[in-house]
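A short write-up of the structure that comes next.
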Amino acid sequence: MPTLNEKNINRFLMFKLPSAWLCGVRVAVLKSDFCKVHVTHKWINQNPFNSMFWAVQGMAAEMSTGALVMTKIQNSGKNISMLVANNKANFSKKAKGKIVFTCEDGAKIDDALRKAIETGIGQTFWMTAIGKDAIGDIVSTFDFEWTIKCK
23 MPTLNEKNIN RFLMFKLPSA WLCGVRVAVL KSDFCKVHVT HKWINQNPFN
73 SMFWAVQGMA AEMSTGALVM TKIQNSGKNI SMLVANNKAN FSKKAKGKIV
123 FTCEDGAKID DALRKAIETG IGQTFWMTAI GKDAIGDIVS TFDFEWTIKC
173 K
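Per this note's numbering, the sequence shown starts with residue 23, numbered consecutively.
Put into structure tokens, the structure is as follows:
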């Protein structure tokens with residue numbers, strides 16, 4: 023597998039998650055402790071209320087957390103599975119224009135990976151992605167419970 027970076031994850035989206043790619047979900051910044059994913063409100067991802075469909079926001083939010091998890095797993099060199107077990111969301115403003123989802127929970131993954139590798143027991147942890155519009159207002163907040171397990 024190629025080293026995960028913004029370009030490779032966006033290519034992954036095109037081939038493995040085409041609905042997210044078609045809706046415009048793109049990883050903009052991927053660092054060891056945070057990830058930013060953006061998506062712009064367009065005809066393809068709208069709802070009947072002239073804003074972005076909640077599920078498109080969810081795809082972008084999940085990618086901001088999942089890209090971090092995938093990268094940390096790859097960097098561990100271990101064969102580890104990952105899956106979302108639960109999620110919850112809050113919508114505080116109509117999502118119009120470019121929305122940027124940011125997750126800054128990289129340290130939570132490090133701790134869970136260490137425990138999973140040391141004990142062989144699956145781990146769960148919650149990660150948060152906050153979506154903001156162009157003026158910096160929060161439009162939605164998503165929380166994802168990730169599970170990881172050594173294979």
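From the three backbone atoms N, C-alpha and C, an ideal C-beta is built for every residue, glycine too.
Here the stretch 65-77 makes no contact with the stretch 30-37; the two share fewer than three CB pairs at distances below 8 Å.
Taking C-beta separations shorter than 6 Å and ignoring five residues to either side along the sequence, the partners of V49 in its chain run E28, I31, N32, V59 and A89, following chain order. The C-beta distance from D155 to G119 rounds to 6 Å, short enough to meet the 8 Å contact threshold. In the DSSP annotation of this structure, the continuous segment of the alpha helix (DSSP H) that includes D132 starts and ends at G128 to T141. Rounded to the nearest angstrom, the Cβ distance from Q145 to A134 is 4 Å, consistent with a contact under 8 Å. If you draw a straight line from the Cα of K64 to the Cα of G153, it is about 16 Å long. Non-local beta-carbon contacts of A107 in its own chain, meaning distances under 8 Å to residues more than five positions away in sequence, involve T146, E167, W168 and T169 in chain order. Secondary structure in the stretch 47-103: the alpha helix (DSSP H) runs of 4 residues or longer, each lying completely within the stretch, are 76-98 in chain order.
Around N97, the same chain offers no residue with a beta carbon nearer than 6 Å, after the five sequence neighbours per side are excluded.
At least 9 Å separates the beta-carbon of T150 from that of D132.
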